[in-house]
Amino acid sequence: EYEERQTDDPTEGKRNEILSYQVVAVTDDGNWCEVIFHVRDNHRMSLSEIIDETRRVLNIKPSALRGTEVRVLTHYGVAEWAALRDREELAPILQLIRKVPVTLGAQPVQLRMNNRPVKLKLSVADTQLLAPDTKKSLGALGEVVGIEKVKLPEGAISRMGALRDENRLLFEEYGITDSRITLAYYLKMGEVARDELGLEKMPLTTGAMSVATFVNSMKEKEYLRMFGLKKERAYRRTTIVPCEGRAMVEPLFAQAYAGGLNNATPGEVRPDEGRVVVDIDFTSAYPTAAAQLPILDWSGKDREDAEYDMIPAKDGGVAVGVTCSLVDFVFPRGTRRPCIPIRHGKFGLIYPRKGRGFVTGPELRQARSKGARISVVREERVPHAATRKLKRARLAFAPFLGRMVEKRNTFPKGTIENETYKLINNAFYGKQAQGLRPRTITSFDSSVTLEESRITCAPYATMITGIVRAALIDLQDAIEEIGGIVHSATTDGCAASFPIPADQVETLDDIPGFWEAALRKPGIAAMRQGLLNMGRPPIPLELKAIGDSCEIWKTRGYIIRREGRIVHSGKAGHQLSPEDLAEHSRADEIGSWTMRSLAGAQKIYTGKVLDLVKLESPRKVNLDFDFKLIPDGANGYRPPETLEEFLEWREAAETVRRSDRRATE
């Protein structure tokens, strides 16, 4: 526990006065203890001191620790690391993962015990890396393991020193309970990893847990065959490398890999218009897209025989052909929604009427259905590995993802098992794309390039995002075909309105013609099939919010209201309330806000800040339109003719913004 204070020297900023260190320690043979070290005058303990004093309480001799592993568990361990006197000496063995310091395996260290050096192995893990996105706080993890976080009086968290002096028992119970929650959650996750998932080793992150669970679900030969890998012996060691067939096609797929579709049309729907505003999402979009992919034939033979369309698969499933192309394209004039993206390093995906772009099979099929003229510059098609008898495709990931859903449903919602199986499916796609784009991770004095995971595969990752983008284009087209208006589209869903009173809509079934229009679209029908492939209910879309009005400012920036109450919002990266954003959106000039964040370990290590303290920095309220769609002069919007036209609009908008005025059409 610590208390943030301003230093005497204003130029140094803030630092923390350490008040106590709390430890809950458990040995392999079941001995345990709880220790609180109270410190005064900002004395800082070293990790050696903490381990040494804790082993004394446990009555362990220093010699008994020699060569053994000591595992240190934290929750958002930047706080613990920053509070140590020897934090800089520990930095070389630590790696920052999602800004949290951990070790990649047990690291040899030399600690002092009884004033003598003892060599042992130290590993550091963090429960925040093993928590669901919706349960990152210790309080949320406490609910999962049945330990309630201690509640403090209002304002006590900013004056912990006074609390210790006034009510030491409450202070101690608060601190030690956090340690109990951290240990209990980690041990419970360890049980789930061992007993439910069959893992021999506890992974560091949920993503690593997803990969390990998948790879362990099959034999090594099957895993190597599925991902087009082979073992290669060199310099007295065996490495795993792509086979020749995969190496041939991977460069194009890797260049084509891109993220989600995002655009918006600024405007509003007023309550008196009698329209229902809905936010619609695809059901488990990325796992559902992955469930459509077949096991591939990486031999490099008959690549021209792969198909764009859906392929019958074993056991009644259907797979999509794995294809990728670099094309020159021109959509007919007046095309409402071109569907071939061009990736821009700063602005993401742009969808112009004509240009040159990378495209997956489903997107290319969609473009041709819209009448686009296509000239293929380069193309790669990877055939599916057919079954011997029926020559049908075999689904690559649907059986595994379906089993995870089935397992999840055997546990009540909110339980750690239920949450873990959900985490595995949600993290699965991200690990397939890991390392496809060069990314440097700085950890104290070292910089490393993010490595590929064991299931990184450009053809699979590129197809997954392409399938979802094509489905989202189809969803927007379907909405407009039945008289709806699309206001915003974001990655795996969109906000739209229909000429129906809000009180008449409870589900998508209440929007006349919605399902008929949606399921006629190949992309949405494919998402439905992906759910069927996993054995899930074939309902590819779900209603996330219902309102009677909305305000749309920009991509990821909007609010939906019902009877004056905000029911859904996208804050476009601002730490402001939706109400405050609405006020800023009506101003002629660009306002400002203060971003508050905790100092990161890297800034602390390099001396830019002294400790884990709250930082404040001014930001402009950026709610201006992003011009991924161009005003058409008739109160509407059209796609840009070319990427260059989009960039001209952006440059003009940036010129206006530099004068602190809002850019409008």
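My numbering runs 1 ahead of the 1-based position in the sequence shown.
In this text, a Cβ means the ideal position worked out from N, Cα and C, and glycines have one as well.
Between residue 489 and residue 556, which are expected to be in contact by the criterion C-beta below 8 angstroms, what is the C-beta distance as a whole number of angstroms?
7 angstroms
Span of the beta strand (DSSP E) holding residue 23?
Here the beta strand (DSSP E) through residue 23 covers 21-27.
Are any of the Cβ atoms in chain D nearer than 8 angstroms to that of residue 414?
Annotation note: the requested chain D is absent from the structure, which comprises a single protein chain.
Could you tell me which of 648, 407, 251 and 449 sits nearest to residue 379, measuring between CA atoms?
251
By Cβ distance, which residues of its chain are closer than 6 angstroms to residue 49, with the 5 residues on each side in sequence left out?
112 and 113
Could you give the first and the last residue of the continuous beta strand (DSSP E) run that contains residue 124?
117-127
Taking the C-alpha atoms as reference points, what is the distance between residue 72 and residue 400?
36 angstroms
Short check: CB of residue 1 to CB of residue 652, under 8 angstroms?
Because the chain spans 2 through 666 in this model, residue 1 falls outside it and cannot be assessed.
Rounded to whole angstroms, what is the Cα-Cα separation between residue 326 and residue 362?
8 angstroms
For the alpha helix (DSSP H) containing residue 481, list its first residue and its last residue.
For residue 481, the enclosing alpha helix (DSSP H) has its first and last residue at 459-482.
Under 8 angstroms between the Cβ atoms of residue 37 and residue 47?
In this structure, residue 37 sits away from residue 47, with a CB-CB distance that is not shorter than 8 angstroms.
State the Cα-Cα distance for the pair residue 425 and residue 210, rounded to the nearest angstrom.
Distance between the alpha carbons of residue 425 and residue 210 is about 7 angstroms.
Compute the distance between the beta-carbons of residue 258 and residue 74, then report whether it is under 8 angstroms.
It is not a contact, given that the beta carbons lie outside the stated cut-off.
Is the number of C-beta pairs between the segment 282-290 and the segment 324-343 that are closer than 8 angstroms three or more?
no
If you compare alpha carbons, which of 312, 549 and 4 is closest to residue 569?
Residue 549 is the option with its Cα nearest to residue 569.
Cα-Cα, which of 510, 585, 4 and 131 is closest to residue 420?
131
Is residue 554 buried or exposed, if buried means 16 or more other CB atoms sit within 10 Å of its CB?
buried
Just confirm the distance between the C-beta atoms of residue 592 and residue 403, as a whole number of angstroms; I'd bet it's less than 8 angstroms.
About 49 angstroms separates the two Cβ atoms, so there is no contact after all.
Taking C-alpha atoms, which residue in 119, 107 and 140 lies nearest to residue 125?
Out of 119, 107 and 140, 107 has the C-alpha closest to the C-alpha of residue 125.
In the DSSP assignment, what are the bridge partners of residue 101?
Answer is 98.
Suppose the cutoff is 6 angstroms on Cβ atoms and the five residues either side in sequence are ignored; what does the same chain contact list for residue 546 look like?
280, 561, 568 and 569
Considering only the alpha carbon of each residue, which of 601, 227, 407 and 174 lies closest to residue 243?
227
Quick one: Cα of residue 608 to Cα of residue 523, how far?
55 angstroms
Just mark residue 370 as buried or exposed, buried being the case when its beta carbon has 16 or more other beta carbons within 10 Å.
Residue 370 comes out exposed.
Is the segment 6-24 close to the segment 182-201, with three or more CB pairs under 8 angstroms?
Of all C-beta pairs linking the segment 6-24 to the segment 182-201, fewer than three are shorter than 8 angstroms, placing the two stretches out of contact.
When DSSP labels each residue in this structure, what does residue 631 get in the three-state scheme?
strand
Can you look up residue 311 in the DSSP assignment and give me helix, strand or coil?
strand
Can you tell me where the alpha helix (DSSP H) with residue 252 in it begins and where it stops?
It spans 245-257 - the alpha helix (DSSP H) in which residue 252 sits, taken as one unbroken run.
Give me the Cα-Cα distance between residue 306 and residue 254, rounded to the nearest whole angstrom.
Annotation note: pLDDT 49 at residue 306 (below 50); position unreliable, no value reported.
Using the C-alpha atoms, what's the distance from residue 584 back to residue 577?
If I take the Cα positions, the gap works out to 11 angstroms.
For the ligand MN, is there a heavy atom less than 7 angstroms away from the beta-carbon of residue 214?
Looking at this structure, you won't find the ligand MN or any other ligand, since it has none at all.
Looking at the structure shown, is residue 539 part of a helix, part of a strand, or coil, going by DSSP?
Coil at residue 539, not helix or strand.
Of the choices 207, 163 and 138, whose alpha-carbon is the least far from that of residue 428?
If we check each option's Cα against that of residue 428, 207 comes out closest.
Use the C-beta contact count for residue 62: other C-beta atoms within 10 angstroms, 16 or more gives buried, fewer gives exposed.
exposed
By how many angstroms is the C-alpha of residue 487 removed from the C-alpha of residue 346?
Taking the straight line joining both Cα atoms gives about 26 angstroms.
Would you mind stating whether residue 102 and residue 79 have Cβ atoms separated by less than 8 angstroms?
yes
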